[in-house]
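*Asks:*
There are 2 protein chains.
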Amino acid sequence: MKIGELSRATGTNIETIRYYERIGLLPAPSRTAANYRSYGDAHRARLAFVRHSRDLGFTIEEIRSLLDLSDHPERDCADADRIATRHLEQVEEKIAQLALLREELSRIVGRCRGGIAADCRVIEALGDHAQCESAH
Amino acid sequence: MKIGELSRATGTNIETIRYYERIGLLPAPSRTAANYRSYGDAHRARLAFVRHSRDLGFTIEEIRSLLDLSDHPERDCADADRIATRHLEQVEEKIAQLALLREELSRIVGRCRGGIAADCRVIEALGDHAQCESAH
DNA sequence: TATGCACCCTGTATCAACTACAGGGTCAAG
DNA sequence: CTTGACCCTGTAGTTGATACAGGGTGCATA
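Line order of the protein sequences matches chains A and B.
Using my numbering, count along the first sequence one by one with no gaps and you end on 546.
Using my numbering, count along the second sequence one by one with no gaps and you end on 546.
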């Protein structure tokens, strides 16, 4: 498989594949006579693992740990669960934070009745620090 | 006000204040004889506006537009409402996306019963692309 | 007077996770 | 024989800061 095919097979940008290789997330594949990268099915599976993990929001370093575990099936897998659990907590935290943010934005938005900026409640709300504090 | 005082007054890192000046978000203040930056209350208000906007997740470019409106009170403020409304939509989209993510992470997490990585459901779930697809 | 300390200055490098070229090589079809 | 699709390396840019290195300033204290 050439890099373009791997790219299509996994929905990953070609530049991103080369980037993953450069940072050591994917092993360097063998090369053809023309110095083209040549991938096999193991590469495809590993890249799919990485993409799926990235889609779930794991960082590259977390994925490194997860791949390391995946490469050493005899090891204790408690780490994997720990990484995933912590990540889930972070996601939940982020959701809570965005929900607060949505509250405040909702209060700000839609209060502009087409006037001039001098009377704009949106601009006013952004400048007014007290309004933010008292709202919480 | 010296930069350290402005920093404490607005809860903004000193380096960040200088960064905002460098990218033209804050006007360059006058200097003391010793070449120290010297801020007034207008600077403080403008920085508070920026910080509040950043806390709400507006990008620097959006803040530039909002500040521009704030600087020209005679202009139509429909833009401000448009920027805030679009941002609210983006926040809502992000929340929805993170909620989906939380679903999948919840399914993955906690299935590890302390065995070895070979049997780990977390690792398995990450590698298994089909499981992800079918789940949606 | 010296000296220590907190504060300030500029300029550049670093972070995450990519993405986007520039400038060149390879290969098959028309 | 040339056009086009594909591949290569290496470097620079993105966002929103943050972190020095290497130096200057200003005030209190020994």
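Every residue, glycine too, gets a C-beta built ideally from N, C-alpha and C.
1. Could you check if I433 of chain A is buried or exposed, using at least 16 other CB atoms within 10 Å of its CB as the buried criterion?
2. So which residues of chain B does K504 of chain A contact, with C-beta pairs closer than 8 Å?
3. Output yes or no for whether 7 Å exceeds the beta carbon distance between I505 of chain B and L508 of chain A.
4. Got a sec? Which residues, its chain only, sit under 8 Å from R454 of chain A by beta carbon, not counting five neighbours each side?
5. In this structure, how does DSSP classify R492 of chain B when only helix, strand and coil are distinguished?
6. Roughly how far, in whole angstroms, is the beta-carbon of L515 of chain A from the beta-carbon of L466 of chain B, given that I think they are within contact range, below 8 Å?
7. So if DSSP puts R441 of chain A in a beta bridge, which residue, or which two residues, is it bridged to?
8. For the alpha helix (DSSP H) that contains G537 of chain A, what are its first and last residues?
9. Which residues, in order along the segment 478 to 489 of chain B, keep a beta-carbon less than 7 Å from a beta-carbon of chain A?
10. For the alpha helix (DSSP H) containing I427 of chain A, name the first residue and the last one.
*Replies:* Short version:
1. As a position in the first sequence, residue 433 of chain A is number 23, starting the count at 1. Exposed: under 16 other Cβ atoms inside 10 Å.
2. Here residue 504 of chain A refers to the residue found at position 94 of the first sequence. In chain order: L508.
3. Numbered from its first residue, the second sequence carries residue 505 of chain B at position 95. Numbered from its first residue, the first sequence carries residue 508 of chain A at position 98. Taking 7 Å as the Cβ cut-off, I505 of chain B and L508 of chain A qualify as a contacting pair.
4. In the first sequence, residue 454 of chain A corresponds to position 44, counting from 1. M411, L416, A419 and T420, listed in sequence order.
5. Counted from its first residue, the second sequence places residue 492 of chain B at position 82. In the structure shown, the three-state DSSP call for R492 of chain B is helix.
6. As a working note, residue 515 of chain A is residue 105 in the first sequence. As a working note, residue 466 of chain B is residue 56 in the second sequence. So it is a contact: roughly 6 Å between Cβ atoms.
7. By 1-based counting over the first sequence, the position of residue 441 of chain A is 31. The partner list for R441 of chain A (beta bridge, DSSP) reads A:R447.
8. To locate residue 537 of chain A, count along the first sequence from 1; it is residue 127. Counting along the chain, the alpha helix (DSSP H) containing G537 of chain A begins and ends at R531 to G537.
9. Within the segment 478 to 489 of chain B, the residues whose Cβ lies closer than 7 Å to some Cβ of chain A are L479, S480, H482, P483, E484, R485, D486, C487 and A488, listed in chain order.
10. As a first step, residue 427 of chain A is located in the first sequence; it is residue number 17 there, counting from the start. In the DSSP assignment, I427 of chain A falls within the alpha helix (DSSP H) that extends over I424 to R432.
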